[in-house]
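Notes follow once the structure below has been shown.
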Amino acid sequence: MSAQKNLRDNVTFIFLLILAVLFLAPLLIVLMNSFKGRFFISDTPFALPDSQTFIGMENYFSGIAKTGFIQAFGYSLFITVFSVFTIVLFTSMTAWCITRVKSKVSSFLFYLLVFSMIVPFQMVMFTMSKMANIMHLDNPVGIIVIYLGFGAGLSVFIFSGFIKSIPLEIEEAARIDGCNPIQTFFLIVFPILQPVYITVAILNTMWIWNDYLLPYLVIGSNYRTIPIAVQYLQGGYGSRDMGAMMAMLVLAIVPIVIFYLTCQKYIIEGVVAGAVKG
Amino acid sequence: MRKMSKAYYAFFTLPTLIAFAISFLIPFLLGIYLSFTRFTTVTDTHWVGVSNYFRAFTEDDTFLNALLFTVKFAVVSMVLINVLSFSLALLLTRKIRGTNIFRTVFFMPNLIGGIVLGYIWQLLINGVLINFGVDITFSANYGFWGLVVLMNWQMIGYMMIIYIAGIQAIPPELIEAAQIDGANSWQLLKNITIPLVMPSFTICTFLTVTNSFKLFDQNLALTAGAPGRASAMLALDIFNTFYGRNGYEGVGQAKAVIFSLIVAVIVLLQLRFSRSKEIEN
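Just so you know, the protein sequences line up as chains A and B, in that order.
Under this note's numbering, the residues of the first sequence are numbered 1 to 278, in order.
Under this note's numbering, the residues of the second sequence are numbered 1 to 281, in order.
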């Protein structure tokens, strides 16, 4: 029995190992091609670089120059960090307020925000980008307001679910001790919410960092984020520089992999929590 | 806290609500209105009634084609992703070595953005197809299966995690009791595991369906609709209608309203489905 189980486990292990290699293969192939000359990529993507095709870091230099990748990285980082910070702060305040103050206005606001999660982006993309334009929000600072509006639905929903499970007595005690609502929120509720902050922050980070269409429509012509920079290389069909493309794909993936490996536990928990609730 | 003065209420809710009004609520309402008008800018509109909705289908067949393509894609990826991710979850809950590393690896593609994913798979698929003298733009079928493979690569790890959570939540006594009763592993799977992971199954089904319906970045990067508009899905077709040529903004907005209604119906179905499941439990 034990020998049989051992054999079965070993077969499973080897099968999973092969599958894991297959899962990583696409990324490794892109990495490998990023060191090959641009004309040796499309025709023979599965061939290892050799003395004739290997060109070192040249693709990286030309790609960075063509797309302005350094600026793109800066814009992506700036927009992601500040939008996530803004979303986490303001939506937790809103969620706490409309969860604790039971009124018709509160429940109307809650359902309105939840409703926005259902509506696909294409429904509002045209009017929203015009609106952003009219209100001068079409810059890396203004887009933070847009992200707060779009992130509000899911974030308020997740916060609100957690706030309901916090015993009301804690807040009432604070009030009796003389805290006003602002003090109650920032001194008492804010620390309790910490695990949810991580969940909400991770969900929004993954969304905003990878988002293409929204920043493309709102700020794309003046400020390129990383996804816009990658798409920009596409150019006219046939004319694009495959070498630079491979290098940019690698540079786009590396920050995500580093982020993933450093806070893997939170990411998996956060993403699953978002899925189950959304 | 049952009551709060208006000033405090505004302090807590207004920042979010103003941003929400600017980026979602006003554009949403304006979008519904504009779907009944002919316009090139938001300020210059002519009421045309429901004619945009007719034109969405009659002007050319790209929208209908995109709708069929999307439905077919959603069904195929839903089935494949669920079967594969559930099988992987079964293998990974067998307590073998390396489980955590495998989980990490399988989940990783999920975090990569759609544009990047699209170009990765364009390289790979074209690299295979070049041996047959064609590339992915040769036929909409290639684009279709390319997107299916891409979507599987991206979503399997994610759904696998949800299934693993479902399987691990099964009480071990239940499995032991079944084993004592002499159930073999197939009977265990059929009578214990599968019925008890049904909630996970509902979540995964609807997640894959809604994600497939809303797919845009991957579609744009992998094929951009080529050949012609044949492999464009709904979101990309709406984008093309808006920004492809002048004078079609109203039609694009009408398509977007239809698209939203379809997605809303799917979500409502999911809510009903999971509610009725909860009552059974």
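Cβ coordinates follow ideal geometry from the N, Cα and C atoms, glycine included.
Classification of residue i by the beta-carbon crowding that lies within 10 angstroms, buried from 16 upward
i: W186(B); result: exposed
i: I22(B); result: buried
i: T58(B); result: exposed
i: F108(A); result: exposed
i: K36(A); result: buried
i: M135(A); result: exposed
i: F157(A); result: buried
i: G178(A); result: exposed
i: W209(A); result: buried
i: K255(B); result: buried
i: Q194(A); result: exposed
i: P195(B); result: exposed
i: T16(B); result: buried
i: E171(A); result: buried
i: Y142(B); result: buried
i: D61(B); result: exposed
i: G250(B); result: buried
i: I98(A); result: buried
i: Q231(A); result: buried
Nearest-angstrom Cα separation, counted from residue j out to residue i
i: L67(B); j: F121(A); result: 17 Å
i: V272(A); j: G247(B); result: 43 Å
i: Y212(A); j: L220(B); result: 10 Å
i: K66(A); j: I120(B); result: 19 Å
i: G74(A); j: T223(B); result: 29 Å
i: Y197(A); j: L89(A); result: 9 Å
i: F36(B); j: T205(A); result: 36 Å
i: L90(B); j: M159(B); result: 12 Å
i: I258(A); j: Y266(A); result: 14 Å
i: N152(B); j: I81(B); result: 6 Å
i: P199(B); j: I164(B); result: 12 Å
i: L19(A); j: F13(A); result: 10 Å
i: L17(A); j: F102(B); result: 8 Å
i: V21(A); j: L27(A); result: 10 Å
i: G278(A); j: F40(A); result: Here G278(A) scores only 48 on pLDDT, less than 50, and its place in the model should not be relied on; the value that follows carries that caveat. Approximately 45 Å, taken between the alpha carbons.
i: D237(B); j: Q71(A); result: 31 Å
i: V197(B); j: A3(A); result: 30 Å
i: P293(B); j: Q270(B); result: One cannot answer for residue 293(B) here, as it falls past the ends of chain B, which runs 1 to 281.
i: A264(B); j: G243(A); result: 42 Å
i: I64(A); j: G161(A); result: 44 Å
i: V124(A); j: L88(B); result: 38 Å
i: V128(B); j: N133(A); result: 44 Å
Neighbour flag for residue i against chain A, beta carbons, 8 Å
i: Q253(B); result: yes
i: M27(B); result: According to the sequence displayed, residue 27(B) carries Pro and not Met. Yes, contact with chain A.
i: I81(B); result: no
i: R272(B); result: no
i: M4(B); result: yes
Whole-Å CB distance - residue i paired with residue j, under 8 Å assumed
i: I87(A); j: Y147(A); result: 7 Å
i: S34(A); j: N59(A); result: 6 Å
i: T94(A); j: T13(B); result: 5 Å
i: P27(B); j: M117(A); result: Actually they do not touch by this definition, with Cβ atoms about 15 Å apart.
i: M155(B); j: T208(B); result: 6 Å
i: T193(B); j: V267(B); result: The pair is not a contact, with the Cβ atoms about 28 Å apart (cut-off 8 Å).
i: I136(B); j: G146(B); result: 6 Å
Which of helix, strand or coil DSSP assigns to residue i
i: K36(A); result: strand
i: D9(A); result: helix
i: T199(A); result: helix
i: D44(B); result: strand
i: R94(B); result: coil
i: T13(B); result: helix
i: R229(B); result: coil
i: Y237(A); result: Only weak support is given to the placement of Y237(A): the predicted model assigns it a pLDDT of 48, under 50, and the question is left unresolved by the model.
i: F39(B); result: strand
i: F54(A); result: strand
i: C263(A); result: coil
i: N222(A); result: coil
i: E171(A); result: helix
i: E59(B); result: coil
i: K190(B); result: helix
i: D217(B); result: helix
Closer than 8 Å to chain B by CB, residue i
i: A275(A); result: yes
i: K164(A); result: no
i: A20(A); result: yes
i: L249(A); result: yes
i: I118(A); result: yes
i: A201(A); result: no
i: M32(A); result: no
i: K265(A); result: no
i: V230(A); result: yes
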